[in-house]
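With this note's numbering applied, the sequence shown closes on residue 392, and no number is skipped along the way.
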Amino acid sequence: MSQYKTNEEGFYGDFGGAFVPEMLYPNVKELRNNWQELVEEPAFQKEFQKLLRDYVGRPTPLYYSKNLSARYGAKILLKREDLNHTGAHKINNTIGQILLAKRLGKKRIIAETGAGQQGVATATVCALMGMECVVHMGELDIARQAPNVARMKMMGAKVLPAKSGSRTLKDATNEAIRDWIPNRKDTHYIIGSVVGPHPYPSMVAYFQAVISEEIKWQLQRDFGREHPDTVLACVGGGSNAAGAFYHFLDDEKVRLVMAEAAGKGLDTDETAATGHLGRAGVLHGSLSLVMQDEQGQIIEPWSISAGLDYPGIGPMHAHLLKSGRATSYAVTDNEAIEAALDLAKTEGIIPALESAHALAALNQMAFRKDELLVLNLSGRGDKDMEAYMRFL
């Protein structure tokens, strides 16, 4: 068994598990007892793969960036998840989970969202499958991600503002969990990242693993080898990174690199670099690295990117960091903005602010000559135009 995947209790090394109140236990137990058997059924796989191909638009290209490669002295390839339907990797997971929800007899879907891409992807699959959709979103994020809010509403979703705490992703997740407890019988909660109680981290990673599955055969086709030297992805909760890393976890020849949101700096109170500053603690049902004070109270994170300002990190990524299997670089708001503007000007690609953190991390890394690096470009920048316009 892989040392980088969960055991039966849902732990990646010291991290993971299901720490939930008694009222939530039946919801989690139902999923844990059924999800693997259901997704392995041939009928499920046939429908899942068909939708990924014909609806999502997979496979996404693996694009060789001549300009970035020349600058850094490495062969840099961009995995173009921004070209998926809805504009990000999130749709891979929501397609999988809505098919699972149907087989569990659910009629109503709830979700949390920060940057809005998870909410859009959830609203999309609910419209496709004719299910009721409720998206919980921080009041602050609703304001700064207005285009995505409009897209959700166009597809029939109800967007409910989370008005407590920092009014961002953490608080939206709290509200979604509160919604789920009394509505277990007819409601499925589509968690959008590799966070939450077991089996969510491993389940979301499974649905996102299509990213690294494609990378393997695309590299074989274009370079005559199945593995890159390095895989780089941004990490908030970490679903896009989990998908990009998945098929390389046990291949020690492949360097795994995360880019986290340093916000206004690691030495400030406005940061979201959990891998650098977090300590072990329980958040939203799993034990992982969490931004917290000496009394264990959650420290409100900050990032210009609405998808990265989460005070925790997925238990898979916590284990990868603690074991030394992965490394992490912290990228400030300004560095991410500069990297996004640079990619737009040199490649004609406007990345999401989340993905821009991975691009900026290239400046902190050292490369061997002709090193083959795959950077997971997790989303496109349409939703972040207001932020970019402030810097133009």
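By construction, the Cβ of each residue, glycine as well, lies at the ideal position given by its N, Cα and C atoms.
Since we're looking at a predicted model, the values are computed, not measured.
field: Paired residues, beta bridge with SER286 - DSSP
entry: LEU283
query: What are the boundary residues of the alpha helix (DSSP H) that includes GLY96?
result: 90-103
query: Smallest Cα separation from SER65: which of LEU372, GLY381, LYS158?
result: LEU372
- request: Please go through the stretch 130-195 and give each complete beta strand (DSSP E) segment of 3 or more residues, from N-terminal end onward.
  value: 132-138, 158-162, 187-190
task: Please go through the stretch 185-244 and give each complete alpha helix (DSSP H) segment of 4 or more residues, from N-terminal end onward.
output: 200-208, 210-223
- request: Check each candidate in PRO147, ASN183, SER164 and name the one with the smallest Cα separation from VAL134.
  value: ASN183
message: I'd like to know whether the C-beta atoms of LYS379 and GLU354 end up nearer to each other than 8 angstroms.
response: The displayed chain sequence assigns Gly, not Lys, to residue 379. Yes, Cβ-Cβ distance for GLY379 and GLU354 is below 8 angstroms.
- request: Check the C-beta distance from GLY16 over to SER286 and give it rounded, since I have them as a contact under 8 angstroms.
  value: 5 angstroms
task: Have a look at ASN92, ASP309, PRO147, ASP171 and flag the residue whose alpha-carbon is nearest the alpha-carbon of ASP382.
output: PRO147
query: Got a sec, what are the start and stop residues for the beta strand (DSSP E) ARG255 sits in?
result: 255-263
- request: Would you list the residues sitting across from LEU31 in a DSSP beta bridge?
  value: None; LEU31 has no bridge partner.
field: Proximal residues to THR113 (C-beta, below 7 angstroms), its chain only, five neighbours per side dropped
entry: GLY119, VAL135, MET137, ALA172, GLY192
- request: Could you give the DSSP three-state label for ALA322: helix, strand or coil?
  value: With the sequence shown as reference, residue 322 is identified as Lys, and Ala is not the correct amino acid for it. Helix.
task: Tell me, to the nearest whole angstrom, how far the beta carbon of ALA18 is from that of HIS198; I am working on the premise that it is less than 8 angstroms.
output: 4 angstroms
query: Does the separation of the CB atoms of LYS216 and HIS188 fall below 8 angstroms?
result: no
- prompt: From LEU377 to ILE110, what distance separates their C-alpha atoms?
  reply: 26 angstroms
task: Could you pull the start and end residues of the beta strand (DSSP E) that ALA344 belongs to?
output: No beta strand (DSSP E) contains ALA344, which is instead part of the alpha helix (DSSP H) from 333-347.
query: When the distance is taken between beta carbons, is ASN84 closer than 8 angstroms to VAL39?
result: no
message: Could you check whether the stretch 304-318 touches the stretch 233-247, counting it as contact only if at least three pairs of C-beta atoms, one from each stretch, sit closer than 8 angstroms?
response: yes
- prompt: Where do the ends of the alpha helix (DSSP H) carrying THR6 lie?
  reply: Note, THR6: premise wrong, no alpha helix (DSSP H); not H, not E.
query: From which residue to which residue does the beta strand (DSSP E) around ARG80 run?
result: 75-80
message: Quick check: what's the CA-CA separation for TRP35 versus ARG255?
response: 30 angstroms
task: Evaluate PHE391 with the Cβ neighbour count: other Cβ atoms within 10 Å of its Cβ, from every protein chain shown; 16 or more gives buried, anything less gives exposed.
output: exposed
- request: Could you check the C-alpha separation between GLU386 and ALA336 for me, to the nearest Å?
  value: 15 angstroms
- prompt: ASP370 and LYS75 look like a contact to me (Cβ under 8 angstroms); what is the Cβ gap, rounded to whole Å?
  reply: 6 angstroms
Nonlocal neighbours in the same chain, by C-beta distance under 6 angstroms from ASP179, ignoring five residues either side: ILE110
Which residues DSSP lists as bridging PHE19, in chain order: For PHE19, which the question treats as bridged, DSSP gives no partner whatsoever.
- prompt: Which residue from ALA361, GLN218, THR60, SER202 puts its Cα closest to that of ALA259?
  reply: ALA361
- prompt: Does the stretch 345-353 come within contact of the stretch 264-271, defined as at least 3 CB pairs closer than 8 angstroms?
  reply: no
query: Would you call the CB atoms of PHE367 and GLY156 closer than 8 angstroms?
result: no
Cβ-Cβ separation, ASP141 to THR122 (assumed contact under 8 angstroms), whole Å: Wrong, their Cβ atoms sit about 15 angstroms apart, outside the cutoff.
- request: Using the DSSP secondary-structure output, state which residues sit across from GLN292 in a beta bridge.
  value: ILE298
- request: Measure the Cβ-Cβ separation of LEU104 and GLU30 and say whether it is below 8 angstroms.
  value: yes
field: Presumed contact (8 angstroms Cβ cut-off) between TYR4 and HIS227, rounded CB distance
entry: About 15 angstroms; that fails the 8 angstroms criterion.
- prompt: Using CA coordinates, which residue listed in LEU160, ILE190, VAL290 is at the minimum distance from ASN92?
  reply: ILE190
field: Cut-off 6 angstroms between Cβ atoms - residues of its own chain near GLN117, not counting five sequence neighbours on either side
entry: ALA88, LYS90, GLY379
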